[in-house]
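One structure below.
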Amino acid sequence: MEKKTRFAPSPTGYMHIGNARTALFSYLAGNRFILRIEDTDLQRSQPQFVDALIEDLQWLGITWQEGPGFPDGEQYVQSRRSGIYRDCLQQLVHADRAYPCFCSTDELARTRARQLAMGRPPRYAGTCSHLSREDIADRIGRGEQPSYRFRVDADDIVRFDDLVRGEQIFHGRDIGDFVIQRSDDSAAFFFSNAIDDAMMGVDLVVRGEDHLSNTPRQLMLLSALSLRQPQYAHIALILGDDGTPLSKRNGSQSIRELRESGFFPLAVINALARIGHHYQDDRLLDWQALVAGFSMTNLSHSPARHDMQHLLHWQHSCMKSMDSQSIFTALPAIIQHELPVSLREDFIEIVRYNCLFPADAMIWFDVLTRSVPDMQEDARAMIRQCIPEWFNAVAAAIATTTDYKSFIETIKTTGGYQGKSLFMPLRAMLSGRLDGPELARIFAMLSPGQLSERLEYCRALSGENHENL
RNA sequence: GUCCCCAUCGUCUAGCGGUCCAGGACUCCGCCCUCUCACGGCGGCAACAGGGGUUCGAACCCCCUUGGGGACGCCA
Numbered sequence: 006m007e008k009k010t011r012f013a014p015s016p017t018g019y020m021h022i023g024n025a026r027t028a029l030f031s032y033l034a035g036n037r038f039i040l041r042i043e044d045t046d047l048q049r050s051q052p053q054f055v056d057a058l059i060e061d062l063q064w065l066g067i068t069w070q071e072g073p074g075f076p077d078g079e080q081y082v083q084s085r086r087s088g089i090y091r092d093c094l095q096q097l098v099h100a101d102r103a104y105p106c107f108c109s110t111d112e113l114a115r116t117r118a119r120q121l122a123m124g125r126p127p128r129y130a131g132t133c134s135h136l137s138r139e140d141i142a143d144r145i146g147r148g149e150q151p152s153y154r155f156r157v158d159a160d161d162i163v164r165f166d167d168l169v170r171g172e173q174i175f176h177g178r179d180i181g182d183f184v185i186q187r188s189d190d191s192a193a194f195f196f197s198n199a200i201d202d203a204m205m206g207v208d209l210v211v212r213g214e215d216h217l218s219n220t221p222r223q224l225m226l227l228s229a230l231s232l233r234q235p236q237y238a239h240i241a242l243i244l245g246d247d248g249t250p251l252s253k254r255n256g257s258q259s260i261r262e263l264r265e266s267g268f269f270p271l272a273v274i275n276a277l278a279r280i281g282h283h284y285q286d287d288r289l290l291d292w293q294a295l296v297a298g299f300s301m302t303n304l305s306h307s308p309a310r311h312d313m314q315h316l317l318h319w320q321h322s323c324m325k326s327m328d329s330q331s332i333f334t335a336l337p338a339i340i341q342h343e344l345p346v347s348l349r350e351d352f353i354e355i356v357r358y359n360c361l362f363p364a365d366a367m368i369w370f371d372v373l374t375r376s377v378p379d380m381q382e383d384a385r386a387m388i389r390q391c392i393p394e395w396f397n398a399v400a401a402a403i404a405t406t407t408d409y410k411s412f413i414e415t416i417k418t419t420g421g422y423q424g425k426s427l428f429m430p431l432r433a434m435l436s437g438r439l440d441g442p443e444l445a446r447i448f449a450m451l452s453p454g455q456l457s458e459r460l461e462y463c464r465a466l467s468g469e470n471h472e473n474l
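Be aware that the first sequence starts at 6, since it is given in our numbering, and climbs by one per residue.
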């Protein structure tokens, strides 16, 4: 059976992990996915963010069957749908379910502050709820621009079944008359959002818990308009690593920041899919498994934190399990162009087990392609401790063989070195650092010329040290 | 202030009245593998927010407290 879900972002900024997770869960919860752009806030909406949104979604691998990018894509952009909202408003006004409100934002803010100060719930005071027809005509005639409010009956009771939280009951008295059209004629969120979900045939609205207590408003609206009501699923919000709401300070990153730092989309998706949702399988899941294993009943009800540690774990898993070609194409362009084809396979294995991000591959690219690599401080220290006999042993080995096994064997027999005392200085000399890929692989990838140059460089380094003594 | 939601290891979570002196994953620590770092394998540390009920029996059900989150916008 077809189940339509949607993601309805407003293009007022770059998509962050919170949005992305909502999009993901919404995508996973249905089998036909709509992308709708909610740009009714003309002040803050910017076209560049629409493009960014689309890019980010595509990068993540979240695809839609209706929305921008399709021939009728414009119909999924709210700023192109104002006629629809106007008609609906008309209908509500005729039925006296909505009325013009001439209160200024300042007035409203003052009343709200006063109510709060007196320890009362802030509700619209109803100043304009019963203006006479003449009054209204008169004020409009004078050029006043009203907003429109939806009339909420205090005795109204709205109940609905939230797919993750169960039955919800709200009372009209806890909800004041609310604005559905702003004084600049644009539709307010409650209004356009609910209408679009209904008219686009959305079966299930998956959204953040911050919308839970607003849902009754939308249900009232839909019922007053005789529009079909979708089901709702309100997912717990995601918090920063410090347990407070997500913000720039506590680890909230935009999807594009993650992309730019080299995260793989599947790593991000795997991390997001497990914040507030669990899969039986705790290994890295591909899209097919992600879809198959998703269940509304596996959603948790409590807010969860986003922890970078987990993201890094999934990144690590991706790197280990990705096919070689995908790793290669993710590498910095210079490596793709300049790495000799003969070294490619070995290099990818080095990246796989020694890098978290594709860009980290530059370290090993330099190590393998320069005549002498950058020497890390701890590697220098290691080399400085080496005595001339050690270098002689290595020199002998280089002269004797190009085979790793016999190379090592020669150093052992010539110099009497073994274990750590053999491998660590050798590692430092060959790679300029104390950690990294297995030495056999590095050795095999270096030319005899590189070997000698590194040896002489290190011998000199050690010599300087001895002279200074 | 009013209304709503939530509460298991540091983090993500399993658990839906007995099989839980609470299981998995990440982190951290140890051991093993490797003539070297890492990778990998094995093991360890670590939690039912507090208080009342209900019940033969409660992490699981009810109430209160505490703590967190959300809504009450001409933001979405």
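Quick reminder that beta carbons are idealized off the backbone N, C-alpha and C, glycines included.
In this text, all values refer to a predicted model and were calculated from it rather than measured experimentally.
Taking the runs of the beta strand (DSSP E) that are 3 residues or longer, which of them lie wholly in the segment 194-264?
Taking only runs of at least 3 residues, the beta strand (DSSP E) segments lying wholly in the segment 194-264 are 209-213, 236-240.
Am I right that L373 and L451 are in contact with their C-beta atoms under 8 Å? What's the rounded C-beta distance?
7 Å
Closest by CA to K9, which one among D143, W69, N36, L113?
N36
My output table needs one value for G454: the three-state DSSP class, helix, strand or coil.
helix
Ignore the nearest five residues each way along the sequence and tell me which others in L217's own chain have a CB closer than 6 Å to its CB.
H239
With burial defined as no fewer than 16 other Cβ atoms inside 10 Å of the residue's Cβ, what is the status of S347: buried or exposed?
exposed
Between which residues of its own chain and A366 is the CB-CB distance below 7 Å, once the five residues before and five after are set aside?
L336, P337, I340, V356, C360
Please determine, among T406, R11, P453, F396, the residue with the shortest C-alpha to C-alpha distance to A433.
F396
Which whole runs of the alpha helix (DSSP H) in the segment 100-151 are 4 residues long or more, in chain order?
110-122, 138-146
Closest residue to A297 among H306, S305, Q285 (Cα-Cα distance)
Ranking H306, S305, Q285 by Cα distance to A297 puts Q285 first.
What do you get for R459, buried or exposed, if any count of 16 or more other CB atoms within 10 angstroms of its CB means buried?
buried
Is the distance from the Cβ of Y81 to the Cβ of R49 below 8 Å?
Cβ distance not < 8 Å, so Y81 and R49 don't count as in contact.
As assigned by DSSP and simplified to three states, the class of F370:
helix
With respect to 7 Å, is the separation between the Cβ of K425 and the closest non-hydrogen atom of the ligand FMN below this value?
Among the components of this structure there are no ligands whatsoever, and the ligand FMN is therefore not found.
Could you pull out every residue in the same chain whose Cβ sits closer than 6 Å to the Cβ of V157, ignoring the five residues on either side in sequence?
G177, I180, D182
From the DSSP output, in three-state form, read off K9 for me.
strand
Can you check whether the CB of L439 is closer than 8 Å to the CB of F428?
no
My understanding is that C93 touches I200, with C-beta atoms under 8 Å, so please give their C-beta distance in whole angstroms.
Yes, they are in contact, since the Cβ atoms of C93 and I200 sit about 6 Å apart, within 8 Å.
Can you tell me the Cα-Cα spacing of K325 and Y358, whole angstroms?
7 Å
Should L244 and R310 be called a contact, given that it needs their Cβ atoms to be closer than 8 Å?
Contact flag set, yes.
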